[in-house]
Amino acid sequence: DGGITQSPKYLFRKEGQNVTLSCEQNLNHDAMYWYRQDPGQGLRLIYYSQIVNDFQKGDIAEGYSVSREKKESFPLTVTSAQKNPTAFYLCASRIEGSTDTQYFGPGTRLTVL
Amino acid sequence: RKEVEQDPGPFNVPEGATVAFNCTYSNSASQSFFWYRQDCRKEPKLLMSVYSSGNEDGRFTAQLNRASQYISLLIRDSKLSDSATYLCVVRGAGNNRKLIWGLGTSLAVNP
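Residue numbers (the numbering used here), protein chains in the order written: chain Y, 20 to 132; chain R, 10 to 120.
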C-alpha cells in the first residue's frame, strides 16, 4: 500500500536523551515536513525538505535536527537541547508541482519522563 | 492578529443539523486554502481544497471570499461520524509553500 509511515506510534524517553523519529513514504513525493502539535496549539513546522540532501528550518527548529539522504526517508532527531519535547509529532509529504496538499503519517506521540 | 483564525467552538449540534465554520486569514497574498479534518489523537486528513468559485463534495461545501479574506465550510445533514476538529489551512505567500494552520474548530454531533 502507498502511504506515509511513522514509527513508533508511542515513544517514551528519559530527559536528556536524544531520540530519532522515523518517517518513510513510498508515494514518490518530493517534499517532506515535520510538525509538532501541542494541546491548544495549531500545527507548528519544525523542518521541511523540498529535495533530497536539502532541508530548511521551520518556525521551531531549535533542539531538532533532520536529514534527507533518500527521497523516501526524513528522520527527525529530538535532541536534549529541546526544552519541551513531549508532543505529538507529525510527518507529512507533498508531491512537487501545482498542488500544495500535504498528506500525513499517523504520528508519533513522544513522552519525555 | 493571528495569520489564520478560527472559532475554537465546541459546536454541539444534533444529527441532521446544518453547521457552518468560518476562518479568516491575514495575508491577502495567500495562494491556496484547505479544510482538513482531525479526529482525536489522529493525524489531519484533507477534507477539501477551497477554490475561488466555491466547491461542493456531497454534504460539504467550501467557499472562499478573497475580498474579506475568509473561507467557510458548511456541513449539511450532520452525521455522528462528522464529530471531529476541522482545521483551516492557508498556504503562505512565499516560494517555500509553507502551510499555516488554524487551531481548529471542534464539532460534536449528538444523537
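Cβ coordinates follow ideal geometry from the N, Cα and C atoms, glycine included.
Verify whether the separation of the beta carbon atoms of Gly103 of chain R and Gln47 of chain R is less than 9 Å.
-> In this structure, Gly103 of chain R lies away from Gln47 of chain R, with their beta-carbon atoms at least 9 Å apart.
Limits of the unbroken beta strand (DSSP E) element including Arg100 of chain R | Annotation: the continuous beta strand (DSSP E) that includes Arg100 of chain R extends over 93-100.
Three CB pairs or more closer than 8 Å across the stretch 22-33 of chain R and the stretch 81-92 of chain R | Yes, the stretch 22-33 of chain R touches the stretch 81-92 of chain R.
Quick one: does Gln44 of chain Y have its CB under 9 Å from some CB of chain R?
-> With 9 Å as the cut-off, Gln44 of chain Y does not count as an interface residue toward chain R.
Classification of Leu132 of chain Y by the beta-carbon crowding that lies within 10 angstroms, buried from 16 upward = Classification of Leu132 of chain Y: exposed, given that the 10 Å Cβ count is below 16.
Indicate the three-state DSSP secondary structure (helix, strand or coil) for Ser124 of chain R in the structure shown.
-> Residue 124 of chain R cannot be examined here, being either before or after the span of chain R that is shown, 10 to 120.
Using a beta-carbon distance below 9 Å, is Asp119 of chain Y in contact with chain R?
-> Judged by the 9 Å Cβ criterion, Asp119 of chain Y is in contact with chain R.
What does Glu65 of chain R reach in chain A if we use C-beta pairs closer than 7 Å?
-> Note that chain A does not occur in the displayed structure, where the protein chains are Y and R.
In DSSP terms, what Ala111 of chain Y is bridged to = Answer by DSSP bridge pairing, in chain order: Y:Tyr52, Y:Phe123.
Say whether chain Y places a C-beta atom closer than 9 Å to the C-beta of Ser58 of chain R.
-> So, interface residue.
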